[in-house]
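Reading through the structure tokens given below for one structure.
Residue numbers (this note's numbering): 114 to 536.
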């Protein structure tokens, strides 16, 4: 009886001590990360998952050391709905402001995801002096150009992933390789009727034309479109060999099913192709997405050995969420939290101006390579090799799997053509 009482007493004391240790582990107030994301779309929910995974890891390892005081991260997610058809930009702006005013967010990570909404939010971030790191969506080059042009006003805005002009460069490199290897030189462009896609379609047509490619046509589709057959038939009629796709809407899966059913003798190559980025694409298209290529912007969004971080992240994401990393925002959203932690600890404060200085000095290895920001534009610095900078990742669906085919420094395979292109 005495031994039982002693055991209960010891357990009680242990629980109290553990509670005290737990509370003392994070002596300061939580650091609130506000995440404005279009949560019904892949670029929203994968960003949320990436951010929360990093936060859990950092908190489990002791949190953030702010001038000797241990503080934990907390995440507040709000649905901006900015990737949904017909939703006005103003709704995304109200969501960002609610995070700042009502949720008392110290920093903003993630979105808004739509370029138009993110551009509009820049002035709001400046007004409240809130640092934002864009991690998913937002491919317009105008974002970092505005920072460079009006640094004092927009210095709070950073982007840790690729953007449309860089993506165009990657696509042209691959087009040149396909031209050399297979003689493919006719390109048809299919794009979503949104800012980044319209601009990118225009740029890629211009650049590809200068490189000796024939642009056989360009078609734009409103967000939410579900029939692409006329554009595909036009591509076929014009002898197109590559269909360049810029679409972040889930209906792009329908486009690929129609491409397969119509046996269009052209290689579908998405610069932005949200549906094909996801692990469930094969099942969603009943295998008709075979041979589809898409640019997932950063390494780690498909399996590769880019850095020591890459597969650790890939496996941790898969274990936590029960699905492999899903698209553009997965690895970049994850790394944004680690980059922010690093800058806060070097600054020794949450003061925006001081953290900005340290973010501009960022130089760390991550999931997709060496991470540094251009100090004038706050755009992450790209490279073809992960030892030199942030590397992209282009994958192709082959036998039900996402195989990285570009850049060569991290490639796990090479581009294959559908058999009906050889008829």
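Think of the CB as a built atom: it goes at the ideal place given N, C-alpha and C, for glycine as much as any other residue.
Item                                                                                                                                                                       : Value
Counting only C-beta atoms, is residue 205 closer than 9 Å to chain C at any point?                                                                                        : Of the protein chains in this structure there is only one, and it is not chain C.
Check this for me: beta carbons of residue 261 and residue 445, under 9 Å apart or not?                                                                                    : no
Just checking, does the segment 152-169 make contact with the segment 192-205 on the three C-beta pairs under 8 Å criterion?                                               : yes
Please state whether DSSP places residue 371 in a helix, a strand or coil.                                                                                                 : helix
Do you know how far the Cα of residue 362 is from the Cα of residue 336?                                                                                                   : 7 Å
Bridge partners for residue 478 per DSSP, in chain order?                                                                                                                  : 483
Out of curiosity, what's the CA-to-CA distance linking residue 297 and residue 455?                                                                                        : 46 Å
Would you grab the beta carbon distance between residue 285 and residue 302 for me? Rounded to a whole angstrom, and I think it's under 8 Å.                               : Rounded, the Cβ-Cβ distance is 13 Å, inconsistent with contact.
Given a cut-off of 9 Å, decide if residue 387 and residue 360 are closer than it, judged by their beta-carbon atoms.                                                       : yes
Using the C-alpha atoms, what's the distance from residue 189 back to residue 130?                                                                                         : Note that residue 130 has pLDDT 47, beneath the 50 cutoff, so the model's placement of it is unreliable and the number below is only indicative. Each residue's alpha carbon lies about 30 Å from the other.
Residue ranges of each beta strand (DSSP E) run of no fewer than 3 residues wholly in the segment 172-199, ordered along the chain?                                        : 177-179, 182-184, 186-192
Can you tell me whether residue 539 is helix, strand or coil according to DSSP?                                                                                            : Nothing about residue 539 can be read from this structure; the chain reaches only from 114 to 536.
Around the C-beta of residue 137, are 16 or more other C-beta atoms found within 10 angstroms, so that it is buried, or is it exposed?                                     : At residue 137, the pLDDT of 49 sits below 50, so the modelled position is not reliable; the number obtained from the coordinates is stated separately. Burial call: exposed.
Return the chain-ordered ranges of every beta strand (DSSP E) run that is complete within the segment 223-247 and spans a minimum of 3 residues.                           : 245-247
Need the endpoints of the beta strand (DSSP E) that residue 434 sits in, please.                                                                                           : Note, residue 434: premise wrong, no beta strand (DSSP E); alpha helix (DSSP H) at 423-434.
List the whole-angstrom C-beta distance separating residue 530 from residue 295, where the pair is believed to meet the contact cut-off of C-beta under 8 Å.               : 6 Å
Cα-Cα, which of 442, 227, 457, 474 is closest to residue 481?                                                                                                              : 442
With residue 139 and residue 185 assumed to form a contact (beta carbons below 8 Å), what rounded beta-carbon distance in angstroms separates them?                        : 4 Å
Residues in its own chain within less than 7 Å of residue 395 by CB, not counting five upstream and five downstream?                                                       : 402, 510, 513
Tell me the DSSP secondary structure of residue 155 in three-state form.                                                                                                   : helix
Which residues in the same chain as residue 266 place their Cβ atom closer than 6 Å to its Cβ, once the five residues preceding and following it in sequence are excluded? : 239
Measuring alpha carbon to alpha carbon, tell me which residue in 427, 210, 225 is nearest residue 218.                                                                     : 210
Between which two residues does the alpha helix (DSSP H) containing residue 503 stretch?                                                                                   : From DSSP, residue 503 is part of no alpha helix (DSSP H); its letter is neither H nor E.
How long is the line joining the alpha carbons of residue 73 and residue 486, rounded to whole angstroms?                                                                  : Residue 73 cannot be examined here, being either before or after the span of the chain that is shown, 114 to 536.
Look up residue 273 in the DSSP assignment and say whether it is helix, strand or coil.                                                                                    : coil
Could you check how far apart the C-beta atoms of residue 528 and residue 518 are, in whole angstroms? I think they sit under 8 Å.                                         : 5 Å
Note the first and the last residue of the continuous beta strand (DSSP E) segment covering residue 384.                                                                   : 380-386
Note down, in chain order, each residue of its chain lying with its Cβ closer than 7 Å to the Cβ of residue 366, except the 5 sequence neighbours on either side.          : 388, 394, 397, 398
What's the C-alpha gap between residue 268 and residue 379?                                                                                                                : 44 Å
Measuring alpha carbon to alpha carbon, tell me which residue in 533, 461, 276, 535 is nearest residue 180.                                                                : 461
Grab the span of the alpha helix (DSSP H) containing residue 214 for me, first residue to last.                                                                            : 202-214
If the criterion is Cβ atoms closer than 9 Å, does the pair residue 143 and residue 170 meet it?                                                                           : no
With distances taken between CB atoms, is the gap from residue 407 to residue 508 smaller than 9 Å?                                                                        : yes
For residue 107, which option in 162, 141, 158, 468 has the closest C-alpha, if you only look at C-alpha atoms?                                                            : Outside the displayed range of the chain (114 to 536) lies residue 107, so it cannot be described from this structure.
If we ignore side chains and look at the alpha-carbon of each, how far apart do residue 281 and residue 275 end up?                                                        : 10 Å
Can you name, in chain order, every residue of its own chain whose Cβ lies under 6 Å from the Cβ of residue 292, other than the five neighbours on each side?              : 298
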